[in-house]
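Novice: Residue numbers for the sequence shown follow our numbering, beginning at 6 and rising by one. Where is the CB? At the ideal position from N, CA and C, for every residue including glycine. Okay, handing you the structure first.
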Amino acid sequence: MIISPSLADGKGIEYVRGSFNRYDPDYLFYKGKVYRWQQSRKYPKHHLGEGYSDHLPIYALFRL
Numbered sequence: 006m007i008i009s010p011s012l013a014d015g016k017g018i019e020y021v022r023g024s025f026n027r028y029d030p031d032y033l034f035y036k037g038k039v040y041r042w043q044q045s046r047k048y049p050k051h052h053l054g055e056g057y058s059d060h061l062p063i064y065a066l067f068r069l
C-alpha cells in the first residue's frame, strides 16, 4: 500500500506499520476464486445482482 509521507511522520494521523491486509471472508469466494459480479448473458452490460468485485477489499489501521 502506498501512503503519504505525512502518515509516517509521527504527527497527527499515523499508519500503524504492518497493519495493511486484505478482507477475505469465505462468502467472497466461490470454488476457490473471488466470486465476481455476475452479468446477464442475454444483456452483457446488465448486472444480475449477484457476486462481488473482482478485487478483494483492503484495510489498514491508523492512530491519532
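(1) Whole angstroms are fine: how far does the CA of arginine 68 sit from the CA of arginine 27?
(2) Compute the Euclidean distance between the alpha carbons of leucine 66 and tyrosine 20, then round it to the nearest angstrom.
(3) Using a Cβ-Cβ cutoff of less than 7 Å, which residues in the same chain neighbour leucine 53 once the five nearest sequence positions on both sides are dropped?
(4) On the DSSP bridge list, what partners appear for histidine 52?
(5) By DSSP, does tyrosine 28 sit in helix, in strand, or in coil?
(6) Out of Lys50, Phe34, Tyr64, which has the shortest C-alpha to C-alpha gap to tyrosine 57?
Specialist: Reading from the atomic positions:
(1) 19 Å
(2) If you draw a straight line from the Cα of leucine 66 to the Cα of tyrosine 20, it is about 6 Å long.
(3) Gln43, Gln44, Ser45
(4) BP columns for histidine 52 point to Gln44.
(5) Correct three-state label for tyrosine 28: coil.
(6) Phe34
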